[in-house]
Amino acid sequence: AQSVTQPDIHITVSEGASLELRCNYSYGATPYLFWYVQSPGQGLQLLLKYFSGDTLVQGIKGFEAEFKRSQSSFNLRKPSVHGSDAAEYFCAVGAISSGSARQLTFGSGTQLTVLP
Amino acid sequence: GAVVSQHPSWVICKSGTSVKIECRSLDFQATTMFWYRQFPKQSLMLMATSNEGSKATYEQGVEKDKFLINHASLTLSTLTVTSAHPEDSSFYICSARDTGTGELFFGEGSRLTVL
Numbered sequence: 017a018q019s020v021t022q023p024d025i026h027i028t029v030s031e032g033a034s035l036e037l038r039c040n041y042s043y044g045a046t047p048y049l050f051w052y053v054q055s056p057g058q059g060l061q062l063l064l065k066y067f068s069g070d071t072l073v074q075g076i077k078g079f080e081a082e083f084k085r086s087q088s089s090f091n092l093r094k095p096s097v098h099g100s101d102a103a104e105y106f107c108a109v110g111a112i113s114s115g116s117a118r119q120l121t122f123g124s125g126t127q128l129t130v131l132p
Numbered sequence: 057g058a059v060v061s062q063h064p065s066w067v068i069c070k071s072g073t074s075v076k077i078e079c080r081s082l083d084f085q086a087t088t089m090f091w092y093r094q095f096p097k098q099s100l101m102l103m104a105t106s107n108e109g110s111k112a113t114y115e116q117g118v119e120k121d122k123f124l125i126n127h128a129s130l131t132l133s134t135l136t137v138t139s140a141h142p143e144d145s146s147f148y149i150c151s152a153r154d155t156g157t158g159e160l161f162f163g164e165g166s167r168l169t170v171l
């Protein structure tokens, strides 16, 4: 069975500081990995995804993530955080079927607070 | 980009009534849609997989008679919470899988409050 662990429940950073959100996964085959962001009362917005190829993935809003198979990790990073980045972030792993993802398993989420 | 619309976005109902939530793919066909439930400050839990023209597949512990899912067309899946009780209050989110590309897109969610 697939699973996702986000060790940090809550992270606080100052505006302009760098950010790294951790994600570890467990999956028996090649994973399809995602990072989503959720603002309060809203649905999910896809930040980036990894299926194959270059292990450093660029996403929207200046985010990037690096897939490290040896560490079963897919950490999300941003060099300089803005106040508008305050939100809940979810890492997810999807099973592969016919080259595309089926249902996703989500981590417990990391709440990001940005101090002015 | 592709859009998945959920309606209503917010609904309040009395205990014992039934509520229907729609999930609609606006510019693509979705043979498969997924329904998730999210409690406050928690992650999304998959409830069921909705397949167009066939019965939904429910996750363990989800009551299929409580949460009725219908996927009658390639662009619409509905979740009906029957005889709702306060413990059914939650945020329900759907995702739709683009049949052509395999991409997954999420709706904006529907918040259900049962009084």
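From first to last, the protein sequence lines stand for chains A and B.
Okay, so the first sequence: first residue is 17 according to our numbering, each after it adds one.
Okay, so the second sequence: first residue is 57 according to our numbering, each after it adds one.
From the three backbone atoms N, C-alpha and C, an ideal C-beta is built for every residue, glycine too.
(1) Report back the beta-carbon spacing between Leu120 (chain A) and Leu168 (chain B) to the nearest angstrom; my notes put them in contact at under 8 Å.
(2) Which bits of chain B does Phe106 (chain A) rub up against, with CB to CB less than 8 Å?
(3) For Lys84 (chain A), report the span of its beta strand (DSSP E) as first-last.
(4) Alpha carbon to alpha carbon, how far is Glu78 (chain B) from Ser133 (chain B)? Give it in angstroms, no decimals.
(5) May I ask which residues mark the beginning and end of the beta strand (DSSP E) holding Val29 (chain A)?
(6) Opposite Tyr52 (chain A) in the DSSP bridges: which residues?
(7) Across the stretch 82-100 of chain B and the stretch 141-156 of chain B, are there enough close Cβ pairs to call them in contact, namely three or more that are closer than 8 Å?
(8) Helix, strand or coil for Lys94 (chain A), going by three-state DSSP, please let me know.
(9) Any C-beta of chain B within less than 9 Å: which residues of the stretch 118-132 of chain A qualify?
(10) Please state whether the Cβ-Cβ distance between Ala103 (chain A) and Gln54 (chain A) is less than 8 Å.
(11) Counting only the same chain and skipping the five closest in sequence on each side, list residues whose C-beta sits under 7 Å from that of Phe162 (chain B).
(12) Could you check whether Val109 (chain A) and Leu49 (chain A) sit closer than 8 Å to each other, using their CB atoms as the reference points?
(13) Under a CB-based cut-off of 8 Å, is Gly75 (chain A) close to chain B?
(14) Do the CB positions of Arg22 (chain A) and Thr126 (chain A) come within less than 8 Å of each other?
(15) Assign Gln116 (chain B) to one of three DSSP states: helix, strand, or coil.
(16) Using 8 Å as the limit for Cβ to Cβ distance, is Ala92 (chain A) near chain B?
(17) For Ile68 (chain B), which option in B:Leu124, B:Pro142, B:Ser99, B:Val118 has the closest C-alpha, if you only look at C-alpha atoms?
(18) So the candidates are B:Val118, B:Ser139, B:Thr105, B:Glu119; which of them puts its Cα closest to the Cα of Asn126 (chain B)?
(19) Can you grab the Cα-Cα spacing for the pair Gly99 (chain A) / His26 (chain A), in whole Å?
(20) Nearest-angstrom Cα distance between Glu31 (chain A) and Pro95 (chain A)?
(21) Identify the contact partners of Gly117 (chain B) in chain A, using a Cβ-Cβ distance below 9 Å as the criterion.
(22) Enumerated in chain order, which unbroken segments of the alpha helix (DSSP H) with a length of 4 residues or greater are wholly contained in the stretch 94-154 of chain B?
(23) Can you list, in chain order, the residues of its chain with a C-beta nearer than 6 Å to that of Tyr66 (chain A)? Leave out the 5 residues immediately preceding and following it.
If we stick to the structure as given:
(1) Not confirmed; about 22 Å, so no contact.
(2) Ser99, Leu100
(3) 80-84
(4) 6 Å
(5) 26-30
(6) A:Leu62, A:Phe106
(7) yes
(8) strand
(9) Arg118, Gln119, Leu120, Thr121, Phe122, Gly123, Ser124, Gly125, Gln127
(10) yes
(11) Val60, Ile149, Ser151
(12) yes
(13) no
(14) For clarity, residue 22 (chain A) is Gln in the given sequence; the question names Arg instead. Yes, the pair counts as a contact, with Cβ atoms nearer than the cut-off.
(15) coil
(16) As written in the sequence, residue 92 (chain A) is Leu, which differs from the Ala given in the question. It does not; no Cβ of chain B falls within 8 Å.
(17) B:Pro142
(18) B:Thr105
(19) 16 Å
(20) 11 Å
(21) Going along chain A, no residue has its Cβ under 9 Å from Gly117 (chain B), so there is no contact; the nearest lies around 15 Å.
(22) none
(23) Leu49, Val73, Phe83
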